[in-house]
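In my numbering, the protein residues as written are 1386 to 1726.
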């Protein structure tokens, strides 16, 4: 019998993260289906199957795989979190919500922190697999850097939280620079970005600036020479390309970034980054190797192997998961299911 895997999303970005896993599942002759409790279902392809709550319960998947922070406890199967991005220094990245049997971590730092929690709490397992989202791009990331374009192309990406985002603070400077024509700009925001901020940047479109909303921001990386950002997890994905990143008040700065604290420094920081200083480029390469040492494009396969191994060991952890009654009630209310477990 083919194995059945439910791919579960709460945002559109789940598509880019879970589709590489789906490709491996299908290549192995097994079956996938999708469930969304938020945006994303409308972007499924014709050959991707969307299930209702009742259909999921009847289908009885072997595992539920998600980058979301929670998962319905009333779905059958091993509950697996694969994360929605790299740790950017935000406090909710290393956070145990009591829903998951297995965490498939991205890199060594996450693995160590989650393993320490697993040893103490005992109700989940941890396996380092790498990040499935970047599987299709690993061959591209391994290529030597191309020369900087003429004119250079800059990707501006910001996270959505007002306390973390620099989009409003840098708006006037980006507006000015985009009208000068020295550089071309591509703007891409987190799906939850404030609509008023999104509209302001949309209105900036001209011959030197365009707005992009791809399902997968990685599709833009080969089209640009550097990224400007703040404290978004996407900047870590970008650093895997070996290209520079200019950040504004990053919460975890380091030698791999050009971090500024004054909007007036954006222009000079970009100028510096475009020269690709050797010290900066070496720091980027060193950081990328530590961030995501897996370079074979097989992270999705490792996720499935980790699930198989967990099931082969009895699909049980040392302790039972917490009751989690309040969070379970919130999921039931969001999905609209009040039936039995």
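Yeah, the Cβ is synthetic: ideal placement off N, Cα and C, and Gly gets one too.
(request) Could you pull out every residue in the same chain whose Cβ sits closer than 7 angstroms to the Cβ of residue 1444, ignoring the five residues on either side in sequence? (result) Taking the chain shown and counting its residues from 1, one reaches residue 1444 at position 59. Cβ neighbours of residue 1444 beyond the five flanking positions: 1389, 1418 and 1436.
(request) Could you tell me which of 1515, 1481, 1620 and 1547 sits nearest to residue 1494, measuring between CA atoms? (result) By 1-based counting over the chain shown, the position of residue 1494 is 109. Minimum Cα distance to residue 1494 is reached at 1515.
(message) As a quick exercise: from 1713, 1696, 1721 and 1677, pick the residue whose alpha carbon is nearest that of residue 1527.
(response) The sequence position of residue 1527 within the chain shown is 142, counting from 1. Here the closest residue by C-alpha is 1677.
(request) Tell me where the beta strand (DSSP E) around residue 1390 begins and ends. (result) Translated into the one-based positions of the chain shown, residue 1390 becomes position 5. Its beta strand (DSSP E) spans residues 1389-1394.
(message) Please list the terminal residues of the continuous alpha helix (DSSP H) segment that includes residue 1582.
(response) Here residue 1582 is taken as the residue at index 197 of the chain shown, counted from 1. Per DSSP, residue 1582 belongs to the alpha helix (DSSP H) from 1580-1587.
(message) Report the start-end ranges of each alpha helix (DSSP H) in the region 1537-1572 that is 4 residues or longer and not cut off at the edges.
(response) 1552-1565
(request) Report the option in 1549, 1455, 1554 and 1568 whose CA atom is closest to the CA atom of residue 1715. (result) Numbered from 1 along the chain shown, position 330 holds the residue referred to as residue 1715. When each option's Cα is compared against that of residue 1715, the closest is 1455.
(request) With residue 1666 as the anchor, note down where its alpha helix (DSSP H) starts and where it stops. (result) Translated into positions along the chain shown, residue 1666 becomes position 281. 1663-1676 is the extent of the alpha helix (DSSP H) around residue 1666.
(message) Mapping the DSSP letters down to three states, classify residue 1520 as helix, strand or coil.
(response) Taking the chain shown and counting its residues from 1, the one referred to as residue 1520 is at position 135. Of the three classes helix, strand and coil, the one that applies to residue 1520 here is helix, per DSSP.
(message) Taking 7 angstroms as the limit between beta carbons, can you name the residues of its chain near residue 1422, skipping five residues before and five after?
(response) Reading the chain shown from its first residue, position 37 is the one you call residue 1422. Closer than 7 angstroms at Cβ, skipping near neighbours: 1395, 1719 and 1720.
(message) My output table needs one value for residue 1444: the three-state DSSP class, helix, strand or coil.
(response) Along the chain shown, read from residue 1 onward, the residue named residue 1444 stands at position 59. In the structure shown, residue 1444 sits in a helix (DSSP, three-state: H, G or I).
(request) Evaluate the contact criterion for the region 1458-1466 versus the region 1597-1608: three or more CB pairs, one atom per stretch, below 8 angstroms. (result) no
(request) Take the Cβ of residue 1635 as the centre, count every other Cβ of all protein chains shown within 10 Å, and call the residue buried at 16 or more, exposed below. (result) Here residue 1635 corresponds to residue number 250 of the chain shown, with the count starting at 1. Buried: at least 16 other Cβ atoms inside 10 Å.
(request) Would you kindly report the start and end of the unbroken alpha helix (DSSP H) that includes residue 1679? (result) The residue labelled residue 1679 in the question sits at position 294 within the chain shown. Unbroken run through residue 1679: none, as it is neither H nor E.
(request) Excluding the 5 residues preceding and the 5 following residue 1547 in the sequence, name in chain order all residues of the same chain whose CB lies nearer than 7 angstroms to its CB. (result) In the chain shown, the residue the question calls residue 1547 occupies position 162. Closer than 7 angstroms at Cβ, skipping near neighbours: no residue.
(message) At the level of alpha carbons, what is the spacing between residue 1404 and residue 1464?
(response) Position 19 of the chain shown, counting from 1, holds the residue named residue 1404. Position 79 of the chain shown, counting from 1, holds the residue named residue 1464. Cα to Cα, residue 1404 sits roughly 17 angstroms from residue 1464.
(message) What would DSSP say about residue 1635, mapped onto helix, strand or coil?
(response) On the chain shown, position 250 is the one that residue 1635 refers to. DSSP places residue 1635 in coil when its eight states are reduced to three.
(request) Mind reading off the beta-carbon distance from residue 1400 to residue 1428? Whole number of angstroms is fine, and I expect it under 8 angstroms. (result) In the chain shown, the residue the question calls residue 1400 occupies position 15. In the chain shown, the residue the question calls residue 1428 occupies position 43. Going by Cβ atoms, the distance from residue 1400 to residue 1428 rounds to 6 angstroms, so yes, they are a contact pair.
(message) Output needed for residue 1507: all residues of its chain with C-beta closer than 8 angstroms, excluding positions within five of it in sequence on either side, in chain order.
(response) Residue 1507 sits at position 122 when you count from the first residue of the chain shown. So the qualifying residues of the chain are 1702, 1703 and 1704.
(request) Using three-state DSSP, classify residue 1694 as helix, strand or coil. (result) On the chain shown, position 309 is the one that residue 1694 refers to. Of the three classes helix, strand and coil, the one that applies to residue 1694 here is helix, per DSSP.
(request) For the alpha helix (DSSP H) holding residue 1711, just list the boundary residues, first then last. (result) Numbered from its first residue, the chain shown carries residue 1711 at position 326. Residues 1710-1720.
(message) Going by the DSSP bridge assignment, what does residue 1450 pair with across the sheet?
(response) The sequence position of residue 1450 within the chain shown is 65, counting from 1. 1392 and 1465, per the DSSP bridge assignment.
(request) State buried or exposed for residue 1398, treating a residue as buried only when at least 16 other CB atoms are found within 10 Å of its CB. (result) For the purposes of this step, residue 1398 is identified with residue 13 of the chain shown, where counting begins at 1. By the neighbour-count rule (16 or more Cβ atoms within 10 Å), residue 1398 is buried.
(message) Can you tell me where the alpha helix (DSSP H) holding residue 1598 begins and where it ends?
(response) The residue labelled residue 1598 in the question sits at position 213 within the chain shown. Taken as a continuous stretch (DSSP letters only), residue 1598 belongs to no alpha helix (DSSP H), as it is neither H nor E.
(request) Could you say which of 1568, 1577 and 1503 lies nearest to residue 1598 if we only look at CA atoms? (result) By 1-based counting over the chain shown, the position of residue 1598 is 213. Closest option to residue 1598, Cα to Cα, is 1577.
(request) Just mark residue 1667 as buried or exposed, buried being the case when its beta carbon has 16 or more other beta carbons within 10 Å. (result) As a working mapping, residue 1667 is identified with position 282 in the chain shown. Result: exposed.
(request) Rank 1613, 1561 and 1447 by C-alpha distance to the C-alpha of residue 1591 and give the top, closest one. (result) Here residue 1591 is taken as the residue at index 206 of the chain shown, counted from 1. Closest option to residue 1591, Cα to Cα, is 1561.
(message) For residue 1487 and residue 1433, I'd like the C-alpha separation in whole angstroms.
(response) What you label residue 1487 is simply residue 102 of the chain shown in a count that begins at 1. What you label residue 1433 is simply residue 48 of the chain shown in a count that begins at 1. Taking the straight line joining both Cα atoms gives about 25 angstroms.
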